[in-house]
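Protein chains: 2
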Amino acid sequence: MFLSLIILFVYLSHNQKKDMFSKACEYGIKASIFIAEQSLKSNKVGQVAIAKAISSPEAFTAKTLQILTKHGIISSERGPHGGFFFSELQLNSTLLSHIVEVIDGTNLYKGCGLGLDCCNENAPCPVHHQFKQIRDDLRNMLETTLIVDLAIGLKSGLAFLKR
Amino acid sequence: MFLSLIILFVYLSHNQKKDMFSKACEYGIKASIFIAEQSLKSNKVGQVAIAKAISSPEAFTAKTLQILTKHGIISSERGPHGGFFFSELQLNSTLLSHIVEVIDGTNLYKGCGLGLDCCNENAPCPVHHQFKQIRDDLRNMLETTLIVDLAIGLKSGLAFLKR
DNA sequence: ATAATTAAAGACAAAAACATCTTTAATTAT
DNA sequence: ATAATTAAAGATGTTTTTGTCTTTAATTAT
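Next comes the structure, spelled out in C-alpha cells:
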C-alpha cells in the first residue's frame with residue numbers, strides 16, 4: 279500500500295524545475311542588486327564579496343561579471359581598492375533588460391510568446407495573442423526599471439539575496 | 279576598420295538564446311496542438327507522424343509523449359492503428375498548464391518572479407510586485423486554456439508548427 | 001500461431017549549461 | 001623595483017539537457 283504509492287511516485291517523477299532565467303543571468307541580476315546598493319554608498323565591491331553576498335559560485339559569477347563589464351553595463355577597476363561598481367550614469371540607466379539581453383538573449387520577451395519560434399503577427403500560433411500581452415509586460419518591466427531602482431527601498435536589507 | 283568591428287563583435291559575442299520553455303516542453307506543446315487537431319477528426323497519430331508534423335527529433339519527442347501519457351494528459355494505444363490522441367474529456371480540460379507543469383515544473387509562474395528563489399510576499403525582492411502581475415497572467419493563461427482551444431481557429435493550417 | 005505495427009523502456013552519445021582551477025595583466029602601496 | 005591586490009582570461013571538469021539507437025511489450029490483422 280505504501281509501497282505502491284512510492285512506486286507510483288517514482289513512475290511519475292521527472293522533476294525538472296526550469297526557471298525564467300539561466301543561473302548565469304540570475305547571478306548577474308543578484309550581483310547587480312548588491313553592487314548597485316554599494317554604489318549608492320560609493321563603494322566598489324570585489325568578486326569575493328559579491329559571491330559571498332549572493333551565495334553564488336565565485337569563479338562562475340566572475341565570468342558573468344566579465345560579460346557585463348565588456349558590454350559596459352557595469353564598471354570595474356583592477357588592483358587594490360578596485361572592484362565592480364555602477365557609475366552615476368549606469369545607475370540611472372534602464373539596464374535591467376540589457377543584463378538579461380546579453381546573458382540570456384531576448385527570446386524570452388520577443389519572438390513567439392510560447393517560445394515556439396513558430397509564429398508571428400500574420401501567422402499567429404493558437405496562444406499568440408494571449409502571450410503577446412504577457413511578454414510585452416515583461417519587456418516593459420525590464421526596459422523601464424532603472425538599475426538604481428534595484429537598490430532603493432531595500433529597507434529590510436539584502437538578506438534575501440542569499441536565499 | 280572592418281577587422282576591428284569583427285574583433286569587437288567576437289569580443290562581445292556570447293549569444294545565448296534561452297527560451298521560456300525547454301525543448302522537451304516546446305515539443306510537448308507543439309505535439310499537443312497537432313494531436314488535438316487530429317483528435318477533433320477522431321484520428322490517432324503515431325510518433326513518426328507527430329515528429330514529422332512538428333519538425334522535432336522523433337525519439338526525443340517520444341520520451342516527452344511518454345511523460346505526458348504517464349500523467350494522463352494525453353492517451354495512447356499500442357499496435358496497428360494505435361497512436362496518441364486526446365479523449366473527449368482531455369480535450370475539454372485545461373491541461374496546457376499541466377503539460378508545462380510535468381515537464382518544466384511550476385517555477386516559471388510560481389515562486390519569485392525574477393526566478394531568484396529569494397523572495398516572498400513578506401520579504402519581496404526589488405521587482406517582486408511588478409513580476410507578480412506578469413507571472414499571475416502567465417499562470418492564468420496556462421490554466422484557463424483548454425486543450426481544444428489549441429486546435430480550433432487554425433484556419434490557416436498547421437504549417438507554423440514546422441517552423 | 002505468426003507477422004506486422006505501434007508505444008514503452010533502457011542504454012548510450014553529444015551538446016550545452018554550470019562550475020572550478022590556474023595563469024596573466026593591471027593597479028596600488030611600500 | 002617589489003610585493004600585494006584585484007579583475008581578466010584560459011584551460012579544464014562536472015552535470016543537465018538534448019538527442020539517438022536498440023530492445024521489449026502490447027495490440028491487431030493475417
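Taken in sequence, the protein lines are chains A and B.
For the first sequence, position 109 matches number 387 in my numbering, and the numbering has no gaps at all.
For the second sequence, position 2 matches number 280 in my numbering, and the numbering has no gaps at all.
The beta-carbon is built from N, C-alpha and C at its ideal position, and this holds for glycine as well.
- request: Answer yes or no: does any C-beta atom of chain A fall closer than 8 Å to that of PHE438/B?
  value: yes
- prompt: Can you tell which of PHE438/A, LEU346/A, VAL380/A has its C-alpha closest to the C-alpha of SER310/A?
  reply: LEU346/A
task: Return the chain-ordered ranges of every alpha helix (DSSP H) run that is complete within the segment 294-327 of chain B and spans a minimum of 4 residues.
output: 301-317
- request: Taking only heavy atoms of the ligand MG into account, decide whether any of them is closer than 7 Å to the Cβ of ARG356/A.
  value: Inclusion of the ligand MG in the displayed structure is not the case, the ligand content being empty and no account of it being possible.
message: Under 8 Å, with one C-beta from each stretch per pair, do the segment 397-412 of chain B and the segment 328-342 of chain B reach the 3-pair mark?
response: no
message: By the 9 Å beta-carbon criterion, what residues does the segment 288-303 of chain A contribute toward chain B?
response: TYR289, LEU290, HIS292, ASN293, GLN294, LYS295, LYS296, ASP297, MET298, PHE299, SER300, ALA302, CYS303
field: ILE313/B at chain A interface by Cβ criterion, 8 Å
entry: no
- prompt: So, helix, strand or coil for PHE409/A, using DSSP?
  reply: helix
- request: Count the other C-beta atoms from every protein chain shown that fall within 10 angstroms of the C-beta of SER334/A, then say buried if there are 16 or more, exposed otherwise.
  value: buried
message: Across the segment 380-389 of chain B and the segment 411-419 of chain B, are there enough close Cβ pairs to call them in contact, namely three or more that are closer than 8 Å?
response: Verdict: yes, contact present.
task: Output, in chain order, the set of chain B residues within a Cβ distance shorter than 8 Å of LYS348/A.
output: TYR289, LEU290
field: Span of the beta strand (DSSP E), counted from its first residue to its last, around PHE362/B
entry: 361-363
message: Assuming GLU355/A is part of the alpha helix (DSSP H), what are its boundary residues?
response: Element bounds for GLU355/A: not the alpha helix (DSSP H) but the beta strand (DSSP E), 353-355.
message: Output needed for SER300/B: all residues of its chain with C-beta closer than 6 Å, excluding positions within five of it in sequence on either side, in chain order.
response: ASP382
- prompt: Just to confirm, are LEU290/A and HIS349/B a CB contact at a threshold of 8 Å?
  reply: When the beta-carbon positions are compared, LEU290/A and HIS349/B come within less than 8 Å of each other.
field: chain A residues whose Cβ lies nearer than 9 Å to that of THR268/B
entry: The structure shown does not extend to residue 268/B, since chain B is modelled only from 279 through 441, so no value can be given for it.
query: Of the choices ILE425/A, ASN370/A, ALA401/A, LYS410/A, whose alpha-carbon is the least far from that of VAL378/A?
result: ILE425/A
query: Between which two residues does the alpha helix (DSSP H) containing ILE377/B stretch?
result: Run containing ILE377/B: 374-382, per the alpha helix (DSSP H) assignment.
- prompt: Rounded to a whole number of angstroms, what is the C-alpha to C-alpha distance between ILE307/B and HIS292/A?
  reply: 17 Å
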